[in-house]
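Number 509 marks the last residue of the sequence shown (UniProt numbering); no jumps.
Beta carbons: idealized from backbone N, C-alpha and C, even for Gly.
One structure below.
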Amino acid sequence: MTTAQRQQTALLAATFVIAVCGLIYELLAGTLSSYLMGNSIYQFSLVIGLFMSAMGLGAWASRFIENELPQNFVRLQLLVGLLGGLISPILFFAFAVIDNYTPLLVFLTLLLGAMLGIEIPLIIRILKDHFSLKTNLSNVFTADYIGALIAALLFPLVLIPQLGILQTGFVFGLINIGVGILALYVLRENISNKKGLWGLAALITAILITGLVLSSPFTNRMEKRLYQDQIIYSKDTQYQRLVLTKRHERLRFYINGALQFDSFDEYRYHESLVHPALAALPQAENVLILGGGDGLAVKQLLKYASIKAITLIDLDPEVTNLFKNNKQLKALNNNSLENNKVTIHNTDAWKFLEHDQQLYDVIIIDLPDPNSPSLSRLYTTSFYKLVKQHLSQQGVIVTQATSPFYTKDAFWSIVATLKDSDNNEDWYTLPYHTYIPSFGEWGFVMAARHQLKPSTLLLNTDNKYLDQDTLRQSFIFPKDMEATDVEINQLSSHQLLQYYDQGWKHWYQ
């Protein structure tokens, strides 16, 4: 292979790797922002918009680089590797310590995007002596787009579950440095300051390797500032980030930074979720739980001798495995997930319902709050219609429904959506609420084909919190939580997501 051919091959390979690394950095910034700030639509839109705009600006600015193109390309590649590798820990630190996250996100995203935007025009100009313009553009953009596809597949399926956010950034920063070193070697005859670039490459490589080695303790230290309590378990799964904390004997479980339960008062939530529905149908035999991978709703259901089968659907196997195998969590849920009555399916709730043929006496929807489109879709008319198709004639549906105080419009939107999601039958809803210290005022909704009357609901279990008087009071809403005129939640609008975000934003203003 001639020198010219080596340069052509190396630069096209560099284009492929640049595309992979560039999209990985973009996805890292968007994912970390979603984890830390919530509102994933806004965060990803902001990051993608900034990246694309900055890349266009960088491509425009590349015209001002007139001399020493190979040397400038290598230098730029090394600096992109440094910034790309460090962007996640810098943003994490900004959120946890200095409280200046969004301005720094904007600055770093624009800077990194502009640097990435310069690279492709430089490669095209370096290759112009080897290919015609038509072939040159075709080769470069083919490698670029294929690289982006590979990155998009690797990120959710391999990188985040296996490496996590920070380690992924450092690894791809090092890959960027590797491309820079390869280009430095292949283009060495056209580079005047080889020693300076070798020294820069060595320095940045040392920085990124150090960061990679220290990424786990750094993450733990930053998360301690966010969660306050001792972190005893954390993991990035294919779907989400799980964190379990402990203070004395008190456990708290978080998904993507949002509290799912506190062992101090979880019984208030799960007793309120489960027992009113069973009071409406005390002889229920077949129960479906959508979500609830912690096994705490199952724990309450196992109080009923009449129940013969409990089917639990939770998307993430890491969640159910954690609550089946962790000694402290097994003690909390009374090892409920190992009970012979329980069958677990780790799949998407929507897909399960599309293929399942069974009817259930009680369907319990214990899903995280609708704080993203992927979760909001599980609170839509389309989803509830699918749920209703699996309910026996006298059956009861119950769902957690966010807070009727903090997210008032979101709560009543869920009530309206559950009632109006089937035009072929009349459905009746019965909303109720209770106070949970960890969450504040919290709401639930029952639905059935027949009218549910609070006066007919008689509890049949001995509970730690929920008794007959408490249950009766839960159906009474004070004036500041009364029903509002809201829209139902549909796949085409995700109105619920807007209500939810607006409610919490208003509360924290």
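- Annotation note: the region 2 to 75 contains the following uninterrupted alpha helix (DSSP H) runs of length 4 or greater, listed N- to C-terminal: 3 to 37 and 40 to 61.
- Per DSSP, reduced to three states, the secondary structure at I90 is helical.
- For N176, the uninterrupted alpha helix (DSSP H) run begins and ends at I165 to V186, by DSSP.
- DSSP places T429 inside the beta strand (DSSP E), whose first and last residues are Y428 to I436.
- Here K128 carries a coil assignment [DSSP, helix/strand/coil].
- Judged by DSSP in its simplified three-state form, T205 adopts helix.
- Between N286 and D361, the CB-CB gap stays under 9 Å.
- Counting only residues of its own chain and dropping the five nearest sequence neighbours on each side, S438 has a CB closer than 6 Å to the CB of D262 and D265.
- In the three-state reduction of the DSSP assignment, F253 falls in the strand class, which pools E and B.
- Around the beta carbon of S474, 16 or more other beta carbons lie within 10 angstroms, which makes this residue buried.
- A Cβ-Cβ distance of about 20 Å is found for the pair I289 and L259, leaving them out of contact under the 8 Å criterion.
- Going by DSSP, K419 is part of the alpha helix (DSSP H) stretching over K408 to D420.
- In the assembly as shown, Y508 is an exposed residue. Its beta-carbon has fewer than 16 other beta-carbons within 10 Å.
- Taking every protein chain shown into account, the CB of T142 has fewer than 16 other CB atoms within 10 angstroms, so this residue is exposed.
- In terms of Cβ geometry, T417 and Y465 do not form a close pair [threshold 9 Å].
- When the five nearest sequence neighbours on each side are left out, the beta carbons in the same chain lying within less than 6 Å of the beta carbon of L104 are those of A94, in order along the chain.
- Partner residues in the beta bridge of M446, as assigned by DSSP, are V398 and L430.
- Distance from the CA atom of T245 to the CA atom of T168, rounded to whole angstroms, is 24 Å.
- The Cβ atoms of L226 and A96 lie closer than 9 Å to each other.
- Between I98 and E223, the alpha-carbon positions lie close to 14 Å from each other.
- DSSP lists no beta-bridge partner residue for I98.
- The beta carbon of S33 sits closer than 7 Å to the beta carbons of Q43, V47 and L105 from its chain, once the five residues preceding and following it are set aside; these are given in chain order.
- Assigned with DSSP and collapsed to three states, H270 falls in helix.
- For R247, the enclosing beta strand (DSSP E) has its first and last residue at R241 to R247.
- The alpha-carbon of Y35 is positioned some 13 Å away from that of Y101.
- Contact between L496 and P370 holds: CB atoms are separated by about 5 Å, below the 8 Å threshold.
- In the three-state DSSP reduction, A258 falls in the strand class (E or B).
- The same chain holds no residue with a CB closer than 7 Å to that of S492 once the five nearest residues on each side in sequence are set aside.
- Secondary structure of G211 (DSSP, three-state): helix.
- Beta-bridge pairing by DSSP links G440 to I436.
- Note on Y384: 16 or more other CB atoms within 10 angstroms of its CB, so buried under the neighbour-count rule.
- DSSP, reduced to helix, strand and coil, places Q328 within a helical segment of the structure shown.
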